[in-house]
Amino acid sequence: MSLASLALCCGLAWWQWERFSSASGTFQNLGYVLQWPLFGLFPAFMFWRIRKLRRQAAEQEAGSGEDHADVPAPRPEARPEAAVSTPTATPGPAPARDGEPDDELAAYNRYLAELNARDQAR
Numbered sequence: 001m002s003l004a005s006l007a008l009c010c011g012l013a014w015w016q017w018e019r020f021s022s023a024s025g026t027f028q029n030l031g032y033v034l035q036w037p038l039f040g041l042f043p044a045f046m047f048w049r050i051r052k053l054r055r056q057a058a059e060q061e062a063g064s065g066e067d068h069a070d071v072p073a074p075r076p077e078a079r080p081e082a083a084v085s086t087p088t089a090t091p092g093p094a095p096a097r098d099g100e101p102d103d104e105l106a107a108y109n110r111y112l113a114e115l116n117a118r119d120q121a122r
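This is the structure we're talking about:
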């Protein structure tokens, strides 16, 4: 496949060269002469890159020594259905883990309360 695309694109580059060489040729045709071979090489590059990435993935999987067959694939998060033009509520603060107070969250909540007080004063 990649050899066919390279041959086709080289043929198109030759056609653009003939157009550039003619009396009505422009530098745009010369630009296409340089572009077409690159377009033809791109599928070959992608074929090489995909094979390389697959080989690396196979080496990592074989080198890890762990069997990943019993691990389920991650499921995408469910997206909420389209809301009917109702304002969305802001999420509340996250609960503190293991009963520990979260100083950063408390400071953020104080900042939000201060901003709300400023808006109410206006």
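Numbering (full-length UniProt numbering), first residue to last: 1 to 122.
Glycine included, each C-beta is placed from N, C-alpha and C at the ideal position.
Predicted, not measured: the structure shown is a model, and the values here were computed from it.
If you look at Arg75, you'll find it isn't in any alpha helix (DSSP H); DSSP assigns it neither H nor E. Leu115 and Asp102 have their C-alpha atoms some 20 Å from each other. Contact check for Pro37 against Ala58 fails: the beta carbons are separated by 7 Å or more. In its own chain, leaving out the 5 sequence neighbours on each side, no residue places its CB closer than 7 Å to the CB of Ala7. Excluding its 5 nearest sequence neighbours in each direction, Trp48 has no C-beta neighbour in its own chain below 6 Å.
Put simply, the backbone Cα of Ser24 is about 18 Å away from that of Leu34. Per the coordinates, the alpha-carbon of Gly11 lies some 41 Å from the alpha-carbon of Gln60.
Boundaries of the alpha helix (DSSP H) around Ser5: Ser2 to Ser21. By the neighbour-count criterion, in which a residue is buried when 16 or more other Cβ atoms sit within 10 angstroms of its Cβ, Gln16 is buried.
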